[in-house]
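Residue numbers (the UniProt record's numbering): 1 to 144. Beta carbons: idealized from backbone N, C-alpha and C, even for Gly.
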């Protein structure tokens, strides 16, 4: 049975929090959307028939101003085509890399009250995801 991830485990999030917060970070996001978004009962979008992709677009619309305010920017975005190396049962709809000026900016974003409301759209949209932190490195050159 495949495992699905939407939110970080407490241990993984603690490891993230233990890393330096005053240096730039890159966050690799891999996304697999639900066929039909799953909003909680009572939410304004519950039962509206949105696809997971449409719900994620709403997440982008509602979280985007906060992301930009903290200095975040998308530095790469693409649509998944094929698994070349890795488990055959893992495929993604979309992926992107977000850059933050420092890890503290990411924490500022996720603790913002408006972001906490916006993230409901992300949770409704996704059946599976991966979020991985990287430190920036050199661009260009060869492998290794």
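Here DSSP, grouped into helix, strand and coil, assigns residue 114 to helix.
Taking the Cβ atoms as the reference, residue 66 lies roughly 22 Å from residue 33, outside the contact range of under 8 Å.
For residue 128, the enclosing beta strand (DSSP E) starts and ends at 126-134.
Taking a 10 Å sphere around the C-beta of residue 19, we find fewer than 16 other C-beta atoms and assign the residue as exposed. Excluding the 5 residues flanking it on each side, residue 124 has same chain C-beta neighbours closer than 6 Å at 37, 38, 39, 55, in chain order. When secondary structure is reduced to three states using DSSP, residue 109 falls in the helix class.
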